[in-house]
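Numbering (full-length UniProt numbering), first residue to last: 1 to 73. For glycine and all other residues, C-beta sits at the position ideal for the given N, C-alpha and C.
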């Protein structure tokens with residue numbers, strides 16, 4: 001993730017964001033396509049339990065996803 005953020009051109013970063021929007025529209029999960037929205041997440045590094053370092057994202061949708069972070073108790 002950090003490698004992409006550090007090395008991608010502005011055009012590539014914008015292109016990635018547009019690609020996510022196109023996929024969300026085609027899946028019918030974006031608000032623009034009649035869905036209720038989605039969450040895009042990426043795991044990066046040891047603390048995220050990513051065992052093999054690589055760039056990938058998860059597109060979550062289809063139900064209320066709850067808060068972004070759960071407070072520590």
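- Scanning 55, 22, 15 and 11 for the CA closest to the CA of residue 3 turns up 55.
- Residue 19 has its alpha-carbon roughly 14 Å from the corresponding atom of residue 10.
- Secondary structure of residue 22 (DSSP, three-state): helix.
- Membership of residue 41 in the beta strand (DSSP E) is indicated by the continuous run 38-42.
- Classified as exposed, residue 42 has fewer than 16 neighbouring CB atoms from the shown chains inside 10 Å of its CB.
- Comparing alpha carbon positions, the residue from 72, 64 and 13 closest to residue 29 is 64.
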